[in-house]
Ligand code: 5GP
Ligand code: ZN
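Dropping the structure here:
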């Protein structure tokens, strides 16, 4: 999917915008004015949450300078949720897939918070 195609998926048709608006059923675990976090539908670890900004941004590749604080906030929410899920002792992984080579499938920027098991490096 190229940049033009990504941007043609507008907020109305976007899966995660629909989760944010509660048009689509999901297990929301956190929300504030700027961000929402919910359980991944296909968890890859005992804890697998997705943190998204309410603002529809297709990917990290198309973020703007003005998004800097919002992106920081999304990561801080991930940090707080990791703490809440007791992941600090053993550690956890935060992933932001960007574009096709990285395997990004949903074009509303999202941070994966994965924990509760150990992970390999390098990733596949
Ligand atoms: P990506 O590969 O784009 O980084 O990750 C997209 C993630 O969204 C995947 O882990 C996938 O399981 C999750 N996902 C896809 N559709 C839905 C959905 O409708 N609801 C929820 N909660 N997660 C979804
Ligand atoms: Zn969206």
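In my numbering, the protein residues as written are 19 to 142.
A virtual CB, placed ideally from N, CA and C, is assigned to each residue, including glycine.
None of the values given here were measured: they were computed from a predicted structure.
Exercise. How long is the line joining the alpha carbons of residue 43 and residue 67, rounded to whole angstroms?
Worked result: 15 Å
For this session: With DSSP collapsed to three states, give me the class of residue 37.
Result: helix
Exercise. In angstroms, rounded to a whole number, what distance separates the CA positions of residue 72 and residue 57?
Worked result: 16 Å
Problem set entry | Integer Cβ distance of residue 116 from residue 78, believed to fall under 8 Å | 5 Å
For this session: Under the assumption that residue 128 contacts residue 70 (Cβ atoms under 8 Å), give the Cβ distance between them as a whole number of angstroms.
Result: 5 Å
Exercise. Bridge partners of residue 67, per DSSP?
Worked result: 57, 131
For this session: Could you please give me the residues that DSSP links to residue 110 through a beta bridge?
Result: 133
For this session: Using alpha carbons as the reference points, say which of 74, 55, 110 lies closest to residue 30.
Result: 74
Problem set entry | residue 68 beta carbon near the ligand 5GP (any heavy atom closer than 7 Å) | yes
For this session: Please state whether DSSP places residue 47 in a helix, a strand or coil.
Result: strand
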